[in-house]
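**Q** Numbering-wise (this note's numbering), the sequence shown opens with residue 745 and increments by one.
We treat Cβ as the ideally placed atom computed from N, Cα and C, and that holds for glycine.
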Amino acid sequence: FFSIGLITTVATLVGTLLMLYVGKLSDQTDKRKLIRQGSVFYGLTWIFRFLGPGLGGVLAFDALTKAGKDISNVPITVLTFERAGSRGPDHAIAYSVFFEFSLSIGKIITALLGIAILGTSLGIMGVFALAGILTMFYAFLK
């Protein structure tokens, strides 16, 4: 258990440093480009997850997935709060609440689709493919 905890700790530290780097990068470059690149990478890590059987593969794909999530989520969060704060505090609160509700509804729909896919012959690999495809939709954010 110690070695798994150590690996998880190192992965968390690397992820934290990556988030700081992506935050700095999103201040200096086009956020939408980062979102597009990150969401495609993030989606591909879900689609190709079947290539990582065993403990090493699972940990490697988990690290890659977290990296992809950070690369897309940091600029999405920045854009959301920039847009929310552009018209005053009332708009900021309403926009932020709408954004969070939208994410929650999307997660519920995705969970229901995942449950439906688990009942088919596609099984868990179909759920991974669904997660990958839906993740790539972040690339269409404006």
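Please work out which residues of its chain come closer than 7 Å, Cβ to Cβ, to G858, disregarding the five sequence neighbours upstream and downstream, and give them in chain order.
**A** V871, L874
**Q** In or out: L778 buried (at least 16 other Cβ within 10 Å) or exposed?
**A** buried
**Q** Is T789 closer than 7 Å to G759 when the C-beta atoms are compared?
**A** no
**Q** Let me make sure I understand the geometry here. Which of A860, L856, I861, F785 has the alpha-carbon closest to that of K810?
**A** F785
**Q** When you compare the region 827–835 with the region 769–778, are there three or more beta-carbon pairs, one atom per stretch, that lie closer than 8 Å?
**A** Proximity of the region 827–835 to the region 769–778 falls short of the contact definition, fewer than three beta-carbon pairs being nearer than 8 Å.
**Q** Please classify G787: is it buried, with 16 or more other beta-carbons within 10 angstroms of its beta-carbon, or exposed?
**A** buried
**Q** Starting from F794, trace the alpha helix (DSSP H) in both directions and tell me its first and last residue.
**A** From DSSP, F794 is part of no alpha helix (DSSP H); its letter is neither H nor E.
**Q** Taking the continuous alpha helix (DSSP H) assigned at D771, which residues delimit it?
**A** Looking at the DSSP string, the run of the alpha helix (DSSP H) that includes D771 is 746–772.
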